[in-house]
Structures are given as C-alpha cells and as structure tokens.
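Undergrad:
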DNA sequence: AAATAATGTTAATCTAGTTTAACATTTATT
DNA sequence: AATAAATGTTAAACTAGATTAACATTATTT
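Protein chains in written order, with this note's numbering: chain V, 1 to 194; chain E, 1 to 194.
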C-alpha cells in the first residue's frame with residue numbers, strides 16, 4: 001500500500017514512531033476509484049473519511065428540483081467525506097464523486113476512534129484539522145453572502161489555483177452558486193477589463 | 001463561580017471525576033458582559049472560546065462597504081468565538097457582540113491545550129463538538145445556495161426556535177443574507193398563505 | 001406624558017443573476 | 001475522418017431580491 005503521502009502529510013505536523021506508523025497503516029484501507037465512481041452517495045451512510053493520494057473529487061448535493069450544488073472539491077493531500085453522515089452514521093446529504101481516477105486512504109469511524117485511543121497525538125492532529133476546516137467553512141459563508149459572484153469567482157481561483165484547469169467550467173459555476181451562462185458572462189467581462 | 005451549567009453540559013456526554021471537574025474549573029474564567037459589549041472585535045486576536053451560561057450573542061462581519069453580515073447567534077449551552085482567529089492566533093474576521101447581558105465561561109487557547117493533555121476524554125469531547133459544528137456549517141452553505149430566502153427563513157425558525165423572539169427582525173434578515181425590507185415582505189406573504 | 005430613538009412596513013424603481021434557446025467549440029467514440 | 005457527446009458562448013426576456021424613501025409602530029429616556 002502506498003501510504004507514504006499520508007505519512008508525509010502527518011509528519012509535517014507531528015512525529016510518529018515506526019510502531020505508531022505501522023499501527024496507523026494497519027487501521028486504514030487503500031482504495032482506487034475510477035473517474036465517475038461515487039465514494040459517497042446521498043442517502044447512504046458515509047462509512048469513511050478519505051485522504052486523497054491522487055486524483056480529484058467533488059462533493060455535491062442534488063436539491064428537490066434536481067439541481068446539483070457543489071460544496072467543495074478535493075485533490076491530493078486533502079480530506080473528503082460527508083462529515084455530518086460520518087460522525088452520526090446517518091444518511092448522507094452529499095455525494096462525493098471522482099472527477100479523475102482517484103487513489104485514496106480510507107479511515108472507518110471505528111478504526112479511527114481506536115487510533116485516537118491508541119495514539120492521542122493523532123486525535124490532537126485531527127482535531128486541529130477539523131478546527132481549520134470549520135474556520136474555512138465559516139469564512140465561505142460570509143463570502144457567499146457579502147460578495148457578488150465576480151468576487152467569489154476571483155476568490156475561488158485563489159483558493160483552488162490548480163483545480164480550475166482540471167474541471168469543467170460548469171462545475172466551477174455550481175460551486176460559486178451561479179449558472180454556467182452567468183460565469184461565462186463574468187469571464188468575458190474580466191477579459192475586457194484587463 | 002457558577003460553572004454548573006458547563007459541567008452539566010459536559011456530563012451529558014462523558015463523566016468526569018471530581019478531581020477532573022475541579023481541574024477543569026481551575027483552568028477557565030467566568031465572565032459577565034453587558035448588552036452591547038464585544039467579546040471579540042474584528043481585527044483583534046480572539047483569545048478565548050466561550051461557553052454561554054446565560055444571554056445571547058451574535059457573530060458578525062462588517063464588509064468593505066460597511067454592511068453587517070451575521071454568521072451565527074449563540075445562546076445558553078452554545079459555544080462562541082472566532083474559530084479561525086482562535087486556533088491560529090491571528091486577527092479576527094468576525095465580531096462577537098452581546099445582544100443581552102451575557103454570562104459565560106472562557107477557555108484560553110493554552111489552558112485548553114493543557115486541559116486536553118491532562119484529560120484526554122475532554123479532547124475527544126471537544127473534537128466531537130467541532131465535528132458537529134463543521135457538519136452544520138456545511139449544511140448551511142448548501143441551504144444558502146439551493147434555497148430561496150423564504151425557505152431559508154423557515155429553516156431558521158426551526159434551527160433557532162427560541163431566538164426569533166429575543167432579537168430584532170433586521171438581525172434575522174442579516175443572518176439570512178437578505179434586507180429587512182425583503183424579510184418583511186416574506187413574512188406578510190407567509191401570513192397571507194395560511 | 002412627551003419626545004426621541006429604534007424597529008418594522010409598504011411600495012416604486014432598479015439590478016444581479018436566471019431562464020430559455022440557438023449556436024459554437026472541444027473532446028470522445030466509431 | 002466523421003459523427004456524436006460534452007462543454008462553452010451569446011443574447012433576449014424574466015424574476016428574486018436590493019435600494020430608496022416615506023411612513024407606522026414600538027421601546028426608551030426625560
């Protein structure tokens with residue numbers, strides 16, 4: 001199993017002994033998904049939190065009128081799951097689908113809790129990751145409300161500098177909460193401006 | 001110090017020994033704020049995470065054009081802070097202001113980390129709280145995008161059933177991301193409908 | 001009880017973003 | 001290379017929600 005990217009990621013913040021590393025690895029699964037496959041489906045219970053080794057995913061929600069709303073993208077070294085479903089083990093609100101062939105490492109709920117008990121500094125490490133994710137999520141809320149679509153698009157390009165090249169534009173529009181037609185208009189305006 | 005509401009809140013999920021309870025209490029401050037006072041100000045570094053014993057707060061952000069955007073409210077048994085500022089100890093994006101006289105218990109960053117080291121089950125407890133907050137924040141993002149203002153208002157009333165009576169309506173509008181005039185219109189429509 | 005400040009309502013006008021629809025371009029499939 | 005499928009663009013008509021402004025109601029202060 002190629003767990004090295006995960007270990008590198010963790011060792012940037014804390015240091016694990018060899019024993020801890022192998023215990024960690026014994027508790028996770030390595031998996032490959034093809035482009036288009038679903039990691040989580042709306043209505044299912046989300047069994048895993050996933051660390052992406054390579055590839056790209058989108059997390060989205062289909063509303064009652066059938067419209068798709070993208071909540072986030074994730075690429076190498078990012079985490080993805082439906083947090084609400086994962087922590088309460090209730091049906092997911094979101095879908096997580098692969099936009100490219102994707103290789104990742106899965107943490108099941110129970111194995112992760114065991115890991116935390118065995119290696120407390122891992123619990124600290126994950127707590128801090130979630131704190132950061134919460135702070136980012138709150139910032140996104142205010143940006144959605146206080147900024148017009150053009151500014152949100154510019155922010156998106158800053159936050160996800162490499163992703164825009166990897167995904168179709170209509171998904172960017174969905175992430176921004178606007179139609180693809182309007183994003184097209186914004187982009188042509190931006191070209192005229194400079 | 002009246003820490004009983006905090007202990008009750010914690011003991012709903014985990015059980016602390018008397019020694020742990022008194023260690024916990026030795027690490028926190030009890031404080032009272034008057035209506036109108038600020039717990040955190042945009043630009044300052046957020047020093048504490050706060051558990052509310054009584055009262056009510058709003059967390060808001062003032063944008064470049066001077067407009068106020070409310071991110072959340074908090075009442076008895078809820079937590080409040082600027083998470084982004086607190087965890088990174090960098091200037092806050094948000095203000096937290098008391099809408100009523102408010103009594104709360106403050107956790108400083110360093111004392112909280114000490115608590116976690118001394119009482120690991122508290123770290124687990126807080127991790128789970130943050131996971132829930134993150135899940136709620138993600139749900140709010142999709143609801144903002146996928147629902148029209150009228151639905152968001154109905155959702156607000158479900159999420160904060162007691163708060164609507166305690167705060168002025170223009171703050172509800174700010175939380176919903178609409179003007180007070182438009183909320184007024186929505187409310188009169190809802191009255192006509194039933 | 002007045003007077004003032006804070007909050008809430010209504011209606012007209014305006015605008016950011018949607019919808020629809022037709023067409024253009026790029027990518028994948030045979 | 002040809003065709004089909006997926007993605008992107010443009011423009012006209014439309015709508016949810018903003019803005020402005022005048023007025024109504026409710027709290028607060030004197």
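Think of the CB as a built atom: it goes at the ideal place given N, C-alpha and C, for glycine as much as any other residue.
Alpha carbons only, please: which of E:20, E:166, E:176, E:144 is nearest the one belonging to residue 98 (chain E)?
TA: Looking at the Cα atoms, E:166 is the closest of the given residues.
Undergrad: With DSSP run on the structure shown, which of helix, strand or coil describes residue 169 (chain E)?
TA: Three-state result, residue 169 (chain E): helix.
Undergrad: Name the residue from E:95, E:17, E:122 whose alpha carbon lies nearest to the alpha carbon of residue 63 (chain E).
TA: The shortest C-alpha separation from residue 63 (chain E) is found at E:95.
Undergrad: Please confirm whether residue 102 (chain E) and residue 66 (chain E) have their CB atoms less than 7 Å apart.
TA: Not closer than 7 Å, so no.
Undergrad: If you follow the beta strand (DSSP E) that residue 102 (chain E) is in, where does it begin and where does it stop?
TA: 102-108 is the span of the beta strand (DSSP E), which, as asked, contains residue 102 (chain E).
Undergrad: Just the Cα atoms here: how many angstroms apart are residue 188 (chain V) and residue 151 (chain V)?
TA: Rounded to the nearest angstrom, the two C-alpha atoms are 14 Å apart.
Undergrad: Apart from the five residues just before and just after residue 48 (chain V), which ones in its own chain have a Cβ nearer than 7 Å to its Cβ?
TA: The residues are 81, 106, 107, 108.
Undergrad: Interface residues of chain V around residue 71 (chain E) at Cβ under 9 Å?
TA: 138, 141, 142, 145, listed in chain order.
Undergrad: At a Cβ cut of 8 Å, what residues of the segment 51-70 of chain V count as close to chain E, listed as they run along the chain?
TA: Flagged, chain order: 61, 63, 67, 69.
Undergrad: Please name the residue or residues paired with residue 2 (chain E) in a DSSP beta bridge.
TA: None; residue 2 (chain E) has no bridge partner.
Undergrad: List, in chain order, every chain E residue whose beta-carbon is nearer than 7 Å to that of residue 134 (chain V).
TA: 83, 130, 133, 134, 137, listed in chain order.
Undergrad: Is it right to say residue 32 (chain V) is buried, meaning 16 or more other beta carbons lie within 10 angstroms of its own, or is it exposed?
TA: Exposed is the call here.
Undergrad: Starting from residue 177 (chain V), find everything on chain E with Cβ-Cβ shorter than 8 Å and list it in chain order.
TA: Those are 144, 145, listed as they occur along chain E.
Undergrad: Relative to the alpha-carbon of residue 128 (chain E), which residue among V:141, V:112, V:28 has its alpha-carbon at the smallest distance?
TA: That would be V:112, whose Cα lies nearest to the Cα of residue 128 (chain E).
Undergrad: Would residue 127 (chain E) count as contacting chain V if we go by Cβ distances under 7 Å?
TA: Answer yes: the Cβ-Cβ gap between residue 127 (chain E) and chain V drops below 7 Å somewhere.
Undergrad: Throw me the rounded Cβ distance for the residue 163 (chain V) and residue 73 (chain V) pair, which I believe falls under 8 Å.
TA: Going by Cβ atoms, the distance from residue 163 (chain V) to residue 73 (chain V) rounds to 5 Å, so yes, they are a contact pair.
Undergrad: At a Cβ threshold of 7 Å, is residue 118 (chain V) touching chain E?
TA: No, its Cβ sits nowhere closer than 7 Å to a Cβ of chain E.
Undergrad: Are the beta-carbon atoms of residue 137 (chain E) and residue 137 (chain V) separated by less than 7 Å?
TA: In this structure, residue 137 (chain V) lies closer than 7 Å to residue 137 (chain E) by Cβ.
Undergrad: Counting only C-beta atoms, is residue 49 (chain E) closer than 7 Å to chain V at any point?
TA: It does not: the Cβ of residue 49 (chain E) has no partner Cβ on chain V nearer than 7 Å.
Undergrad: Spell out whether any CB of chain V is found under 7 Å from the CB atom of residue 123 (chain E).
TA: Answer yes: the Cβ-Cβ gap between residue 123 (chain E) and chain V drops below 7 Å somewhere.
Undergrad: In angstroms with no decimal places, state the Cα-to-Cα distance between residue 42 (chain E) and residue 139 (chain V).
TA: Using only the alpha carbons, I get a separation of about 13 Å.
Undergrad: Using three-state DSSP, classify residue 49 (chain E) as helix, strand or coil.
TA: Three-state result, residue 49 (chain E): strand.
Undergrad: Output yes if chain V places a C-beta closer than 7 Å to the C-beta of residue 87 (chain E); else output no.
TA: So yes, residue 87 (chain E) belongs to the interface.
Undergrad: Suppose you measure from the CA of residue 89 (chain V) to the CA of residue 45 (chain V); what does that come to, to the nearest Å?
TA: About 6 Å.
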